[in-house]
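When the sequence shown is numbered by the working numbering, its final residue is 388 and no position is left out of the sequence of numbers.
A virtual CB, placed ideally from N, CA and C, is assigned to each residue, including glycine.
Remember, it's a predicted structure, so these values are computed and weren't measured experimentally.
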Amino acid sequence: MKLHNIFYRFPKEFPLPFVLDGATGTALMAAGMPNGACPEKWILEHPEKLEAIQRGYYAAGSDAVLAPTFGGNRPSLERNGLYDCVERNVELAKLSRGLGGGFVGGDLSPTGQFLRPYGDAAFDEIVAIYAEQAAAIEPYVDFFISETNISLAEARAAVVGIKSVSDKPVFVTLTVDKNGRTMSGDDMLCALLTLAELGISAFGANCSVGPGDLLETLRPLAPYAAGLGVALIAKPNAGMPHDTPQGRVFDLDAESFGEYVPQFLEAGIYVIGGCCGTDAGYIKQIREAVDSFALSAELPQKDSSKLICNAKQIAEIDPDRLPEPLAADDEIFDCEDEFAVVRVESESDAEFLLENAAMLTAPIALTGDSDCCAKVIREYCGKIIYRE
Numbered sequence: 001m002k003l004h005n006i007f008y009r010f011p012k013e014f015p016l017p018f019v020l021d022g023a024t025g026t027a028l029m030a031a032g033m034p035n036g037a038c039p040e041k042w043i044l045e046h047p048e049k050l051e052a053i054q055r056g057y058y059a060a061g062s063d064a065v066l067a068p069t070f071g072g073n074r075p076s077l078e079r080n081g082l083y084d085c086v087e088r089n090v091e092l093a094k095l096s097r098g099l100g101g102g103f104v105g106g107d108l109s110p111t112g113q114f115l116r117p118y119g120d121a122a123f124d125e126i127v128a129i130y131a132e133q134a135a136a137i138e139p140y141v142d143f144f145i146s147e148t149n150i151s152l153a154e155a156r157a158a159v160v161g162i163k164s165v166s167d168k169p170v171f172v173t174l175t176v177d178k179n180g181r182t183m184s185g186d187d188m189l190c191a192l193l194t195l196a197e198l199g200i201s202a203f204g205a206n207c208s209v210g211p212g213d214l215l216e217t218l219r220p221l222a223p224y225a226a227g228l229g230v231a232l233i234a235k236p237n238a239g240m241p242h243d244t245p246q247g248r249v250f251d252l253d254a255e256s257f258g259e260y261v262p263q264f265l266e267a268g269i270y271v272i273g274g275c276c277g278t279d280a281g282y283i284k285q286i287r288e289a290v291d292s293f294a295l296s297a298e299l300p301q302k303d304s305s306k307l308i309c310n311a312k313q314i315a316e317i318d319p320d321r322l323p324e325p326l327a328a329d330d331e332i333f334d335c336e337d338e339f340a341v342v343r344v345e346s347e348s349d350a351e352f353l354l355e356n357a358a359m360l361t362a363p364i365a366l367t368g369d370s371d372c373c374a375k376v377i378r379e380y381c382g383k384i385i386y387r388e
């Protein structure tokens, strides 16, 4: 079975399965970075520490390491008193690129701001923040990964921003609780459907939980991901953290962690790395499990072409038999159906719908003026089907 034929959005020049690296933050702390230090600043003051960590990951079997640009967006840097965003990102990305050990991913994190109506940030403002960072590191990376997202809305903005400045592959991971929901309450299948519409290459989850819980979150997504051609990513923690007199430790050793890898592969999850608490020993276990695993010839695929969603709910529709559309006004709040078809004919209709989208419990389909509907589709946090 040629996995690239199924996961056709995943870069053909990357092997599949694809082994990512392990933790950076906890590895830096183990290397001497003080609690509360700004990682980006500390790395540039101690580049040899980062280089040693990443050389270790390559040696252990990582196909790619992530450039240390996780907290490199402008708002995050400025909170640490750093105002030369572009220059910092270039320097950080060059450190990983200069190792020459394999592929390099450009790592992007949440900005710490919340999109309207839950915060003060406008969609295009967040898009511009990510576009600036992505443009800075683009010459030095082979792909981008927006990770540790707690909000699907911001993850969407990150993808739009990255794709506005680069054609390189984009991976996205969210961080979820044991129930498989983000801190914002977003559903993972909704997130997969939404982000696949934007053309991402891989999707999954990182951080928060250990491999067992993450496996249960991702397993139900596998048939949908295969149907969409999007590879699934798992970057679990080394179990759960515990505070001890010697500091914080995680409860899953490398060998126990590695025992989950065949289960991820059997479930159709082929991009695997580690998050908090993992180090080169964990990556070595992943590499050995990947290299010894015989891939199944069967991989179920589900068609999601008739599914629409918002961030939390999914509905199945027949695009050729849509009900009578509702006007883009207060009438839509009275809709009690599984989904609403909304007619958008003007800029004011589009603005009304975007301003009130968070108040709608049901997903939406659109009809009406194509340009005005395109504005809604660009910003709406979900998957929309449009019919003229």
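What's the C-alpha gap between residue i and residue j?
i: Thr-278; j: Ala-205; result: 15 Å
i: Glu-347; j: Glu-379; result: 13 Å
i: Leu-115; j: Ile-126; result: 8 Å
i: Ala-67; j: Pro-325; result: 47 Å
i: Pro-75; j: Thr-69; result: 13 Å
i: Pro-236; j: Arg-321; result: 42 Å
i: Phe-339; j: Ala-157; result: 24 Å
i: Val-141; j: Val-209; result: 28 Å
i: Gly-61; j: Gly-119; result: 41 Å
i: Arg-88; j: Glu-132; result: 12 Å
i: Asp-329; j: Glu-91; result: 50 Å
i: Ala-365; j: Met-188; result: 20 Å
i: Leu-221; j: His-242; result: 30 Å
i: Asp-167; j: Tyr-8; result: 16 Å
i: Met-240; j: Asp-253; result: 11 Å
i: Glu-100; j: Leu-77; result: Note on identity: in this sequence residue 100 is Gly, with Glu being the wrong assignment. When rounded, the distance between both Cα atoms is 27 Å.
i: Glu-51; j: Val-86; result: 21 Å
i: Gly-32; j: Ala-136; result: 28 Å
i: Ser-164; j: Ala-64; result: 24 Å
i: Val-172; j: Cys-207; result: 13 Å
i: Ala-93; j: Gly-56; result: 17 Å
i: Ala-202; j: Ala-231; result: 5 Å
i: Leu-195; j: Asp-318; result: 21 Å
i: Leu-192; j: Glu-45; result: 38 Å
i: Glu-331; j: Gly-368; result: 17 Å
i: Ala-289; j: Ile-283; result: 10 Å
i: Glu-48; j: Arg-97; result: 14 Å
i: Val-341; j: Gly-227; result: 25 Å
i: Gly-105; j: Ala-327; result: 44 Å
i: Ala-311; j: Met-359; result: 12 Å
At what residues does the beta strand (DSSP E) containing residue i begin and finish?
i: Glu-147; result: 143-149
i: His-4; result: Unbroken run through His-4 is the alpha helix (DSSP H), 3-6; no beta strand (DSSP E).
i: Val-341; result: 340-344
i: Val-209; result: Counting along the chain, Val-209 falls outside any beta strand (DSSP E), and DSSP gives it neither H nor E.
i: Phe-293; result: It is not in any beta strand (DSSP E) - Phe-293 carries neither H nor E in the DSSP assignment.
i: Asp-172; result: Before going further, note that residue 172 is Val rather than Asp in the sequence given. From DSSP, the beta strand (DSSP E) with Val-172 extends over 170-174.
Drop a sphere of 10 angstroms on the beta-carbon of residue i, count the other beta-carbons inside from all chains shown, and report buried for 16 or more, exposed for fewer.
i: Phe-333; result: exposed
i: Asn-5; result: exposed
i: Asn-305; result: Checking the sequence, you will find Ser at residue 305 rather than Asn. Its Cβ having fewer than 16 others within 10 Å, Ser-305 is exposed.
i: Glu-336; result: exposed
i: Lys-12; result: exposed
i: Arg-79; result: exposed
i: Asn-35; result: exposed
i: Thr-361; result: exposed
i: Asp-291; result: exposed
i: Arg-248; result: exposed
i: Asp-186; result: buried
i: Arg-387; result: exposed
i: Ser-370; result: exposed
i: Gly-81; result: exposed
i: Glu-147; result: buried
i: Ala-391; result: Past the edges of the chain, shown from 1 to 388, lies residue 391, and the structure says nothing about it.
i: Pro-211; result: buried
i: Asp-84; result: exposed
i: Lys-2; result: exposed
Is the Cβ of residue i closer than 8 Å to any Cβ of chain C?
i: Pro-236; result: This model lacks chain C altogether, as it is built from one protein chain only.
How far does the alpha helix (DSSP H) with residue i in it extend, from its first residue to its last?
i: Cys-309; result: Looking at the DSSP string, Cys-309 is not in any alpha helix (DSSP H); the run it does join, the beta strand (DSSP E), is 307-309.
i: Ile-377; result: 370-379
i: Thr-26; result: 25-30
i: Pro-363; result: Run containing Pro-363: none; DSSP gives neither H nor E here.
i: Leu-189; result: 188-196
i: Glu-316; result: It is not in any alpha helix (DSSP H) - Glu-316 instead sits in the beta strand (DSSP E) that spans 314-316.
i: Arg-248; result: Here Arg-248 belongs to no alpha helix (DSSP H); instead the beta strand (DSSP E) covers 247-250.
i: Gly-258; result: 254-258
Kindly give me the distance between the Cβ atoms of residue i and residue j, rounded to whole angstroms, as I take these residues to be in contact under 8 Å.
i: Glu-154; j: Thr-111; result: 7 Å
i: Pro-390; j: Ile-308; result: Because the chain here runs from 1 to 388, residue 390 falls outside it and cannot be looked at.
i: Val-170; j: Ile-200; result: 5 Å
i: Pro-223; j: Gln-313; result: Wrong, their Cβ atoms sit about 19 Å apart, outside the cutoff.
i: Phe-264; j: Ala-234; result: 5 Å
i: Ile-162; j: Ala-134; result: 4 Å
i: Cys-372; j: Ala-350; result: 5 Å
Practice task
Evaluate the contact criterion for the region 173-187 versus the region 284-299: three or more CB pairs, one atom per stretch, below 8 Å.
Solution key: no
Practice task
Taking 8 Å as the threshold, find out whether the region 254-267 comes into contact with the region 27-40 through three or more Cβ pairs.
Solution key: Counting Cβ pairs under 8 Å, fewer than three are found: no touch.
Exercise for the section: Indicate whether the contact test is met: 3 or more Cβ pairs, each with one atom in the region 13-28 and one in the region 267-284, closer than 8 Å. Expected result: yes
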